[in-house]
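First the structure, in the form of structure tokens, and then the observations on it.
Numbering (our numbering), first residue to last: 513 to 833.
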């Protein structure tokens, strides 16, 4: 099978298209013929190892699993003898940031991992980006304990995480103020945001609103900047560590002070989460935003675009027709 292999950490060029053996499903696993995947911030971070701490998950000196691609959509091509939840021919989507494997024509994954059947209305390229941005958003929303009718600001609403967060929060009945660039104001309004601030023409910190929760979905703001926008017991969550890993330190002591605080939840993705996101799509509460589609042999170009900081929503990798 064809796969994008990386044998060392580094820039997009370390991902090379190669021929490797098709994996064999274990007794509790399914073999998935991958039809589409994505390139996202998680893949880019693991590949570059820009944050050294990521190597504790992917391999200290070199990658433990040489095929990236955390999320995928495809068809079950084989099943282990103990599999009961799926059958050959089922269309599924899923997420795996432990062994990855989505940037290849086949992968194996346990039937109890974060996989679910694809909603009938979606094709493979629409189903591939269901999980990555949305599961980060979901974890952060849950950690905030935000309630219906409360006020939330989503800073960086155009990325995979931000665009998912806007939709999931609106489905919960939360009042959403989204911050984005000029060209995407219309898009973010269409996702349900109650107020949209164009950061290219407005200073978002000058809003008169106060927020119960501020989500920095791109990691380009800070608690210091956003603190004045929070209500007395409001919380700030960023998707990045912050300058000198400040968000980790803030998360350790600000909750102890009883006022405005920083949280830094460690994201997880379970089968229950995959089923929840499937339900949200079927109810019309969520649909992943798609920017561009590349072929597997264009994987390096896809990485470069993702790392340019210009993408809106998700970047798709088309593996097969």
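Quick reminder that beta carbons are idealized off the backbone N, C-alpha and C, glycines included.
Values in this document were obtained by computation on a predicted structure and should not be read as measured data.
Query	Result
Run of the alpha helix (DSSP H) containing residue 879, from where it starts to where it stops	With the chain covering only 513 through 833, there is no way to say anything about residue 879.
The beta strand (DSSP E) enclosing residue 805, as first and last residue numbers	802-807
Cutoff 7 angstroms; reference residue 660; Cβ partners in own chain excluding five residues on either side	684, 685, 686
Own chain, CB closer than 6 angstroms to residue 726, minus 5 neighbours either side, in chain order	665, 738, 748
Member of 619, 558, 589, 585 whose CA lies at the smallest distance from the CA of residue 606	585
Among 692, 794, 520, 536, the one whose alpha carbon lies nearest that of residue 849	Lying outside 513 to 833, the shown extent of the chain, residue 849 is not represented and no answer is given.
For residue 811: DSSP bridge partner residues	Answer by DSSP bridge pairing: none, since residue 811 is not bridged.
Beta-carbon proximity check, residue 667 vs residue 743, cutoff 8 angstroms	no
Any 3 or more C-beta pairs closer than 8 angstroms across the stretch 667-679 and the stretch 608-624	no
CB of residue 791 within 8 angstroms of CB of residue 529, strictly	no
Beta-carbon proximity list for residue 771, same chain, < 7 angstroms, skipping 5 on both sides	744, 745
For residue 758: DSSP bridge partner residues	None; residue 758 has no bridge partner.
Enclosing alpha helix (DSSP H) for residue 650 [first to last residue]	644-656
Touching by the beta-carbon criterion (3+ pairs, under 8 angstroms), the stretch 533-542 and the stretch 581-598	yes
Buried or exposed (CB count within 10 angstroms, at least 16 for buried), residue 654	exposed
Own chain residues within Cβ distance below 7 angstroms of residue 547, not counting five before or after	585, 586, 587, 636, 831, 832
Three-way DSSP call (helix, strand, coil) for residue 833 in this model	coil
C-alpha gap between residue 537 and residue 516, whole angstroms	20 angstroms
Sub-8 angstroms separation of residue 642 and residue 789 beta-carbons	yes
Exposed unless 16 or more other CB atoms sit within 10 angstroms - verdict on residue 773	buried
Exposure of residue 648, with buried meaning 16 or more beta-carbon neighbours within 10 Å	buried
Given residue 514 as reference, the closest of 533, 524, 522 once Cα atoms are compared	533
Residue 570: first and last residue of the uninterrupted alpha helix (DSSP H) it sits in	567-570
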